[in-house]
Amino acid sequence: VGEAVTKTIMPDQIDILAIVTLVGGTVGGYITFAGGHRLLDAGVKGKDAIPEVTKSSVSGILITSVMRIALFLAVLGVVSKGLQINPDNPPASVFQLAAGNIGYKIFGLVMWGAAVTSVIGAAYTSVSFFKTFSPKIEKNSRSIIIVFIIVSTLCFVTIGKPVNLLVLA
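All the letters of the sequence shown, read from the start, carry residue numbers 1 to 169 under UniProt numbering.
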């Protein structure tokens, strides 16, 4: 753990791509807009709302950071014991090696939760960008979000290749 802390603060080399990936994944992308749009929809806006917005954003970043550190330490623990991580599914195998089949199932639940919240957040944010175009979109936003998720799912199921779909989007 000491070496992990040292290398976190003073790494042997600085990888800008890794930093951009981690920071972008933590505070960037649609999920940032989802939080902002949810606050706006809840009526949280204006200068008086700055403390609440700040609290929400800092809480989100801190929770994400704690989770990333916990996952890093779990991987470090497994690797430092000399256990072999499965290259076909490295994250799941870390949980399995650390806690057996229960760890594997917990990992599945965590990933399922992350996937569901990401899909809902992405759909919510995408639709919320269009609310300003028409009052009908705002009035029917819940139904449009559901249709958005169904269409996206159909695209994924019929086309597959999520990386290619992401690039096309």
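By construction, the Cβ of each residue, glycine as well, lies at the ideal position given by its N, Cα and C atoms.
Source: prediction; values computed, not measured.
- Between N86 and S80, the gap from beta carbon to beta carbon reaches 7 Å or more.
- Between A42 and G121, the CB-CB gap reaches or exceeds 7 Å.
- Within 10 angstroms of the beta-carbon of I150 lie fewer than 16 other beta-carbons, which makes it exposed.
- One Cα belongs to K105, the other to D48, and the distance between them is close to 44 Å.
- With a beta-carbon spacing of about 15 Å, S118 and V127 fall beyond the 8 Å limit used to define contacts.
- One thing to note: A123 has its Cβ within 7 Å of the Cβ of I145.
- The C-beta separation of F95 from G103 comes to about 4 Å, placing the pair in contact by the 8 Å criterion.
- Contact between A98 and A74 holds: CB atoms are separated by about 6 Å, below the 8 Å threshold.
- Taking the CA atoms as reference points, K7 sits about 18 Å from V78.
- The continuous alpha helix (DSSP H) containing M67 extends over residues 50 to 80.
- In the structure shown, P87 adopts coil according to DSSP, grouped into three states.
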